[in-house]
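Engineer: Keeping their order, the protein sequence lines are chains A and B.
Going by this note's numbering, the first residue of the first sequence is number 3, and it counts up by one from there.
Going by this note's numbering, the first residue of the second sequence is number 3, and it counts up by one from there.
Next up is a structure, given as structure tokens.
There are 2 protein chains.
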Amino acid sequence: MKNEIQRDRLKSRAEAVSGFYQKTGRMPSFSEIGEMLGLRSKNAVSKLVSRLEGMNVLEKDKTGRLIPGSIAYPVRILGTVEAGFPSPAEEELADNISLDDLLIQNRQATFLLKVSGDSMLDAGIMPGDMVIVDRSQTPKSGDIVIAEVDGAWTMKYLRRRGESVILIPANPKYKPIRPKNELKVAGVVTAVVRKYG
Amino acid sequence: MKNEIQRDRLKSRAEAVSGFYQKTGRMPSFSEIGEMLGLRSKNAVSKLVSRLEGMNVLEKDKTGRLIPGSIAYPVRILGTVEAGFPSPAEEELADNISLDDLLIQNRQATFLLKVSGDSMLDAGIMPGDMVIVDRSQTPKSGDIVIAEVDGAWTMKYLRRRGESVILIPANPKYKPIRPKNELKVAGVVTAVVRKYG
DNA sequence: CTTGACAGTGAACAAACGTTCACCTATAAT
DNA sequence: ATTATAGGTGAACGTTTGTTCACTGTCAAG
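In structure tokens form, the structure reads like this:
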């Protein structure tokens, strides 16, 4: 019983530190943690920091300053839909991830585009979706690419047939395209994102 | 000509600061920036910091410490696929965003599940995709939910008919489900994510 | 040529930093 | 009851922090 109250207090303190980090973009100093949580000595803060370090909430760098641990990685992958939910204890063991890290390899060369057409519907890319495009990747046959054909930009599967290239839609309403001139590829689609609501 | 060299140098310095932030999880101090870039006086660093502040790369908080600006937000939304690409100057004006911020509202109550079934294919959710689920949202009619029916977990559209509830698939292979017992909803699907390669 | 702007050096300084130490209180276990 | 542990107070201390000041050199504009 007392152990549970203790754990909840520790968790609520971790959430306060996490909230500071989300709000300000940096970790709090020991003094700031003390003010936030009503601790008057930096030694008490230091001990709390050690406990949060053990929970992987945060880390200390070589100068003793705090850097974010799991709080920089906002979500957990819990398994499959059909497998259902792990227990709270099992859930605590799941690694936290960041979607930015998961979906973006080369930050300098990656951008988002909104999808307005329906030519890739059978590939699960619907109007209103967003595609993540990496300019630095070399397109391989089978990749989904953003390309300029006859002065118009489009998104399709790229297929290589010998020396030539075809752009293939994923919707029977549209026909494959055989570019007359040299194909200009802006980038490779590396991910799709859809937000509801 | 000289202006372009200057701008490239500033950009490369911005990327060095960004790289430090990505690698360590915190912003560098003035001293660290000086060591990184070969500047020997903190005043020179201070002036560079002001220039980077003007570029929205970083900000200074009220204590003078650096916090990330656009470097915490790794991608830009550039427009629609069909509209094509803006000029580099126009691209610089586009806001940077974070996918974590875009897709996750309530960090404490959000998690990822992998999709293995095909019951929501016509909704553009394919096997291998990941869905983002928010435990804290109250499901409304029309929402996609993760629910437990007859001891098995599933993902479907939730429809309310008066007092009762139906779970509707987005694939003609499957039939709507009318739960016999009280429906247990684990959360509302707020986003879908698919990664290629 | 002169002047001003820009980018940088070097040093001083007050404030803030985390670490360490001595200590206290409450609680649980023996 | 005694002892050990956990969580906290308060102060001292060496190090690091960003700010401010005085100054230098280069380049571009008039």
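By construction, the Cβ of each residue, glycine as well, lies at the ideal position given by its N, Cα and C atoms.
Please read these numbers as outputs of a predicted model, since none were measured by experiment.
Using a Cβ-Cβ cutoff of 8 Å, what residues of the segment 102-126 of chain B are near chain A? List them in chain order.
Structural biologist: Under the 8 Å Cβ criterion, the segment 102-126 of chain B contributes D102, L104, L105, I106, R109, Q110, T112, F113, L114, L115, K116, V117, S118, G119, L123 and G126.
Engineer: What residue does the beta strand (DSSP E) around G81/B start on, and which one ends it?
Structural biologist: Mapped onto the second sequence, residue 81/B falls at position 79. Segment V77 to T82, the beta strand (DSSP E) holding G81/B.
Engineer: Using a Cβ-Cβ cut-off of less than 9 Å, list which residues of the segment 69-96 of chain A approach chain B; keep chain order.
Structural biologist: Listed by position, the residues of the segment 69-96 of chain A near chain B (Cβ gap below 9 Å) are I69, P70, G71, I73, A74, Y75, P76, V77, R78, I79, L80, G81, T82, V83, E84, A85, G86, F87, E93 and A96.
Engineer: Given that E6/A touches chain B, what residues does it touch there, using C-beta distances under 8 Å?
Structural biologist: By one-based count along the first sequence, residue 6/A stands at place 4. Residues of chain B passing the Cβ test: none, with the nearest at roughly 18 Å.
Engineer: Using the three-state DSSP reduction, which class does R53/B fall into: helix, strand or coil?
Structural biologist: Counting from one through the second sequence, the residue named residue 53/B turns up at place 51. Helix.
Engineer: DSSP three-state call for S166/B: helix, strand or coil?
Structural biologist: Here residue 166/B refers to the residue found at position 164 of the second sequence. S166/B: strand per DSSP, three-state reduction.
Engineer: List the DSSP bridge partners of N173/B.
Structural biologist: Translated into positions along the second sequence, residue 173/B becomes position 171. N173/B pairs with nothing; no bridge assigned.
Engineer: To which residues of the same chain is E84/B closer than 7 Å at the C-beta, ignoring the five residues directly before and after it?
Structural biologist: The count along the second sequence starts at 1 and reaches residue 84/B at position 82. Nothing meets the Cβ criterion.
Engineer: Can you list, in chain order, the stretches of the alpha helix (DSSP H) that have 4 or more residues and sit fully within the segment 7-73 of chain A?
Structural biologist: Complete alpha helix (DSSP H) runs here, min 4: 32-39 and 44-56.
Engineer: Could you check the C-alpha separation between K49/B and S33/B for me, to the nearest Å?
Structural biologist: As a position in the second sequence, residue 49/B is number 47, starting the count at 1. As a position in the second sequence, residue 33/B is number 31, starting the count at 1. Cα-Cα distance, rounded: 13 Å.
Engineer: Please check if any C-beta of chain A sits within less than 9 Å of the C-beta of Y159/B.
Structural biologist: For the purposes of this step, residue 159/B is taken as residue 157 along the second sequence, with counting starting at 1. Y159/B does not count as touching chain A.
Engineer: Taking L80/B as the reference, which of G189/A, R9/A and G199/A has the closest Cα?
Structural biologist: Taking the second sequence and counting its residues from 1, the one referred to as residue 80/B is at position 78. Answer by Cα proximity: G189/A.
Engineer: Under 9 Å, Cβ to Cβ, is there at least one residue of chain B near S100/A?
Structural biologist: Stepping through the first sequence from its first residue, residue 100/A is reached at position 98. It does; some Cβ of chain B falls within 9 Å.
Engineer: So what does DSSP say about R137/B, is it helix, strand or coil?
Structural biologist: Mapped onto the second sequence, residue 137/B falls at position 135. Coil.
Engineer: Select from the segment 39-62 of chain B all residues with a C-beta closer than 7 Å to any C-beta belonging to chain A, and list them in chain order.
Structural biologist: Listed in sequence order: no entries.
Engineer: Using the Cβ count rule (16 or more neighbours within 10 Å means buried), how would you classify D102/A?
Structural biologist: Here the question's residue 102/A lines up with position 100 in the first sequence. It is buried - the Cβ of D102/A has at least 16 other Cβ atoms within 10 Å.
Engineer: Whose C-beta lies closer than 8 Å to the C-beta of M128/B among residues of the same chain, with five residues either side of it excluded?
Structural biologist: Locating residue 128/B in the second sequence gives position 126, where the first residue counts as 1. Excluding positions up to five away in sequence, the list reads V117, D120 and R196.
Engineer: If we ignore side chains and look at the alpha-carbon of each, how far apart do G27/B and Y75/A end up?
Structural biologist: The residue given as residue 27/B occupies position 25 in the second sequence. The residue given as residue 75/A occupies position 73 in the first sequence. The straight-line gap from Cα to Cα measures roughly 11 Å.
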